[in-house]
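Since the structure comes first, as structure tokens, the remarks are kept for the end.
2 protein chains.
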Amino acid sequence: MPKIVDHDERREEVAGAVWRTIARRGIEGATVREIAAAAACSTGVVSHYFRDKDELLVFALRLAHQRAAQRMAAPVAHQPPVKALRSVILEALPLDEERRIEWRIWISFWGHAVGHARLLAEHHKRNREWHHLVLSLLRAAQRERQLVLRLPIDSSADALLALVDGIGVRATLEPETLPPRRQIEMVDSHLAAIAQPPRRTRR
Amino acid sequence: MPKIVDHDERREEVAGAVWRTIARRGIEGATVREIAAAAACSTGVVSHYFRDKDELLVFALRLAHQRAAQRMAAPVAHQPPVKALRSVILEALPLDEERRIEWRIWISFWGHAVGHARLLAEHHKRNREWHHLVLSLLRAAQRERQLVLRLPIDSSADALLALVDGIGVRATLEPETLPPRRQIEMVDSHLAAIAQPPRRTRR
Chain P
2 MPKIVDHDER REEVAGAVWR TIARRGIEGA TVREIAAAAA CSTGVVSHYF RDKDELLVFA
62 LRLAHQRAAQ RMAAPVAHQP PVKALRSVIL EALPLDEERR IEWRIWISFW GHAVGHARLL
122 AEHHKRNREW HHLVLSLLRA AQRERQLVLR LPIDSSADAL LALVDGIGVR ATLEPETLPP
182 RRQIEMVDSH LAAIAQPPRR TRR
Chain G
2 MPKIVDHDER REEVAGAVWR TIARRGIEGA TVREIAAAAA CSTGVVSHYF RDKDELLVFA
62 LRLAHQRAAQ RMAAPVAHQP PVKALRSVIL EALPLDEERR IEWRIWISFW GHAVGHARLL
122 AEHHKRNREW HHLVLSLLRA AQRERQLVLR LPIDSSADAL LALVDGIGVR ATLEPETLPP
182 RRQIEMVDSH LAAIAQPPRR TRR
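Line by line, the protein sequences give chains P and G.
Under the working numbering, the letters of the first sequence match residues 2 to 204, in that order.
Under the working numbering, the letters of the second sequence match residues 2 to 204, in that order.
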């Protein structure tokens, strides 16, 4: 009798195995064989999701973005914009093991995507959502008079996005030079520098 | 009669061929065969310099750092520190085709270096020189009272280094979102934000 397979569940299992394998072996060491072993399934099942390294990278990239987006959803929904902005930026930085794995995936992906139109398109798609989130939080913070930006909003967003990528790259490639505490200090200094607190109405 | 080969000259020829091949085919497309064709020599000669992809990446990384360092030498020697600082930062950004090739090499290298101790060690070595240069120019500018930093000097240097990496990554992967003019604006805004001009003595 053929097994009835729940495809969403299977997908979740494979995703979990990809994550655990990358955590243990790095993205270069995450082969179809290793992932199949971690998922306790055949290499055929794993190959159904990605046939080569590029497809594994796309799968891992989507997974990393999905995990980051899930962590960001709560602050965005429940915190005032200026606090949510700080929260999502910290969620995007390599401050703990989960986020360090995400960064290793992003940097591996970038390295393979240089000069590779299909992978670059995937990167742009994910990155646009991230840029949009930062910009919309800055806009909301400004609208609700929680901060007054010193520069035009697009410039403020670009500087923040550059800060996140710059910190992320260095903290991933040279973790000892930027421990979590230093990364957080850099974000707070930057946020203090780009915005003035709003003036209170004097009574 | 065996040909007498000038090894330095040969090395220069191979380096030039590596550069032209990467410019044309990207780092992924730069194979030993392609490089040998560009250098008009045998694949054996090329393989003498690098036996595999990792060694090609190390060779290309050194070449990229060397070219950048050469461009930075003149401003460092001839400009006052605060001006030299801006010049070396602009030399480090992907503002023209040569620097765009360098950035493609750096990002490809990072992608391969994640979780790869030997490549990471090479990255650290090159990066330390760069960090040292930025820090020493900041220190000189401060000592000569050309600027007054708002933050401790190490924090100012870290923020600048993060800015360069953040701009470089985005301008390389999504060039249309950060054309050269925008990159320069970001650097100038940042420099204006981290430092106050020194106070003149009142008379």
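For each residue, glycine too, the CB sits at the ideal point set by N, CA and C.
For residue i, count the other beta carbons within 10 Å of its own beta carbon; 16 or more makes it buried, fewer makes it exposed. Which is it?
i, result
"Ala184 (chain G)", "In the sequence as presented, Ala is not what sits at residue 184 (chain G); that position holds Gln. So Gln184 (chain G) counts as buried."
"Ser43 (chain G)", "exposed"
"Ile168 (chain P)", "buried"
"Arg34 (chain G)", "exposed"
"Glu92 (chain G)", "buried"
"Pro82 (chain P)", "buried"
"His124 (chain G)", "buried"
"His66 (chain G)", "buried"
"Pro76 (chain G)", "buried"
"Ala41 (chain P)", "exposed"
"His191 (chain G)", "buried"
"Asp189 (chain G)", "exposed"
"Ile102 (chain G)", "buried"
"Ala193 (chain P)", "exposed"
"Ala78 (chain P)", "exposed"
"Arg146 (chain P)", "exposed"
"Val149 (chain G)", "exposed"
"Arg127 (chain G)", "buried"
"Arg100 (chain P)", "buried"
"Asp7 (chain P)", "exposed"
"Asp166 (chain G)", "buried"
"Arg12 (chain P)", "exposed"
"Ala160 (chain P)", "buried"
"Arg105 (chain P)", "buried"
"Ala74 (chain G)", "exposed"
"Pro95 (chain P)", "buried"
"Ile154 (chain P)", "exposed"
I want to see whether chain G comes within less than 8 Å of residue i, judged by CB atoms only; does it?
i, result
"Ile32 (chain P)", "In the sequence on display, residue 32 (chain P) carries Thr and not Ile. Judged by the 8 Å Cβ criterion, Thr32 (chain P) is not in contact with chain G."
"Asp55 (chain P)", "no"
"Asp166 (chain P)", "yes"
"Gly112 (chain P)", "yes"
"Glu130 (chain P)", "no"
"Arg204 (chain P)", "With a pLDDT of only 47 at Arg204 (chain P), under the threshold of 50, the placement of this residue in the model should not be trusted; the figure read from the coordinates follows. So no, Arg204 (chain P) is outside the interface."
"Arg171 (chain P)", "yes"
"Ser109 (chain P)", "yes"
"Ala160 (chain P)", "yes"
"His66 (chain P)", "no"
"Leu94 (chain P)", "no"
"Gly116 (chain P)", "yes"
"His191 (chain P)", "yes"
"Leu174 (chain P)", "yes"
"Arg182 (chain P)", "no"
"Arg105 (chain P)", "yes"
"Ala41 (chain P)", "no"
"Ala163 (chain P)", "yes"
"Leu152 (chain P)", "yes"
"Ser156 (chain P)", "yes"
"Leu121 (chain P)", "yes"
Output needed for residue i: all residues of its chain with C-beta closer than 8 Å, excluding positions within five of it in sequence on either side, in chain order.
i, result
"Lys54 (chain G)", "His113"
"His117 (chain P)", "Asp55"
"Ala16 (chain G)", "Phe60, Leu64"
DSSP has residue i in a bridge; who is on the other side?
i, result
"Ala196 (chain G)", "G:Leu150"
Using a C-beta cutoff of 8 Å, does residue i count as contacting chain P?
i, result
"Trp20 (chain G)", "no"
"His125 (chain G)", "yes"
"Thr44 (chain G)", "no"
"Met73 (chain G)", "no"
"His133 (chain G)", "no"
"Glu98 (chain G)", "no"
"Glu29 (chain G)", "yes"
"Arg12 (chain G)", "no"
"Leu139 (chain G)", "no"
"Ala194 (chain G)", "yes"
"Asp7 (chain G)", "no"
Please work out which residues of its chain come closer than 7 Å, Cβ to Cβ, to residue i, disregarding the five sequence neighbours upstream and downstream, and give them in chain order.
i, result
"Ile217 (chain P)", "Given that chain P is displayed from residue 2 to residue 204, the structure contains no residue 217 (chain P) and the question cannot be resolved."
"Arg26 (chain P)", "Glu35"
Starting from the C-beta of residue i, find all residues in its chain whose C-beta is less than 6 Å away, skip the five residues before and the five after it, and write them out in chain order.
i, result
"Leu136 (chain P)", "Ala158"
"Arg206 (chain G)", "Chain G is shown from 2 up to 204; residue 206 (chain G) falls before or after that span and cannot be answered."
"Ile36 (chain G)", "Ala18, Val19, Thr22, Val47"
"Val197 (chain P)", "Correcting the residue identity first, residue 197 (chain P) is Gln in this sequence and not Val. These residues qualify, in order along the chain: Val149."
"Phe110 (chain P)", "Leu58, Leu62"
"Leu138 (chain P)", "Pro82, Ala85, Leu86"
"Leu121 (chain G)", "Ala114"
Does any heavy atom of the ligand PLP sit closer than 7 Å to the C-beta of residue i?
i, result
"Leu57 (chain G)", "The ligand PLP is not among the ligands present in this structure, which contains no ligands whatsoever."
TODO: Give, in chain order, every unbroken run of the alpha helix (DSSP H) that is at least 4 residues long and sits entirely within the region 64-117 of chain G.
DONE: 82-93, 98-114
Open item on the list: Extract the residue ranges of the beta strand (DSSP E) inside the region 29-56 of chain P, only unbroken runs of 3 or more that lie entirely within it.
Closed with: none
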